[in-house]
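Engineer: Heads up: the sequence shown begins at 78 in my numbering, then just goes up one per residue.
We put the CB at the ideal spot given by N, CA and C, even for glycine.
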Amino acid sequence: ARARSIVRRARAGLAAGEPARAERALGRARDTLGDALERTRRLMFELRPPSLTERGLRAALLDLATETGAATGADVDVDVVDARFSEHVEGLVYRTVRELVANARKHARASRIAIEIGAREQTLYGIVHDDGVGFDPESVRERPDRHLHLGLDAVEERVVLAGGSLEIESAPMHGARVRFAIPLTGGLPA
């Protein structure tokens, strides 16, 4: 919308015989589009970082933990099975953990965050927990502005659509613990 508005100003400048005005508007349009491209690249990197593709889930989550610790000062512990899984499963687990860690960063004021991922009986199990301020999961689900806070809903929806489950345990001043399970199709990789 912003780019269209800028382009309209450029056209208006040309129509009014004011090329300098049009040039300024086109410069703003170029900057706006450059910013949008950079945000898109950053989002693509966050959704599937190269370390996930090249080295697997454990490496990508270790990178996420290092970044989170540096940004927040929190201790971030990672205990992740060192195995490769399907691209779909690794991507889903990475996005799930990334969103849960982002919630802890934004809201929990945690000094410790732990990420645990294990596999057994054709299922990948995960836990992300923190020692932050916690929250009441039911009151969050019932908030009138809930549509503005889609993170947990989106995570749960993705996990459930993959045939998995997600459970949130939290209470004010008692941190948060989110457990999820995702079925592994085709068996555990070697």
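Alpha carbon to alpha carbon, what distance is there between E215 and E193?
Structural biologist: Looking at the two C-alpha atoms, the distance is approximately 25 Å.
Engineer: DSSP puts R256 in a beta bridge; with which residues?
Structural biologist: I204 and E244.
Engineer: In this structure, what does DSSP give as the bridge partners for D213?
Structural biologist: The partner list for D213 (beta bridge, DSSP) is empty, contrary to what the question assumes.
Engineer: Can you tell me the Cβ-Cβ gap for V153 and G195, rounded? I've got them flagged as a contact below 8 Å.
Structural biologist: Rounded, the Cβ-Cβ distance is 18 Å, inconsistent with contact.
Engineer: Take every Cβ of the region 129-144, pair it with every Cβ of the region 99-113, and state whether three or more of those distances are shorter than 8 Å.
Structural biologist: The region 129-144 vs the region 99-113: no contact.
Engineer: By Cβ distance below 6 Å, which residues in the same chain neighbour A99 in space, the five residues on each side in sequence not counted?
Structural biologist: Closer than 6 Å at the Cβ level, and outside the excluded window around A99, lie A87, G90 and L91.
Engineer: Bridge partners of I190, per DSSP?
Structural biologist: The partner list for I190 (beta bridge, DSSP) reads V153 and D207.
Engineer: Going by beta carbon distance, what residues of the same chain come within less than 6 Å of A97, once the five residues before and after it are set aside?
Structural biologist: Nothing meets the Cβ criterion.
Engineer: Can you tell which of V237, G240 and R256 has the C-alpha that lies nearest to the C-alpha of E246?
Structural biologist: Among V237, G240 and R256, the Cα nearest to that of E246 is on R256.
Engineer: Could you tell me which residues DSSP puts in a beta bridge with G195?
Structural biologist: In DSSP, G195 forms a bridge with Y202.
Engineer: DSSP three-state call for T145: helix, strand or coil?
Structural biologist: Three-state DSSP puts T145 in a helix.
Engineer: Nearest by alpha-carbon distance to F162: which of T200, T149 and D208 is it?
Structural biologist: Nearest option by C-alpha distance: T200.
Engineer: Check each candidate in A248, R235, A185 and E244 and name the one with the smallest Cα separation from E167.
Structural biologist: Ranking A248, R235, A185 and E244 by Cα distance to E167 puts R235 first.
Engineer: If you draw a straight line from the alpha carbon of E95 to that of R85, how long is it in whole angstroms?
Structural biologist: For E95 and R85, the distance between alpha carbons rounds to 13 Å.
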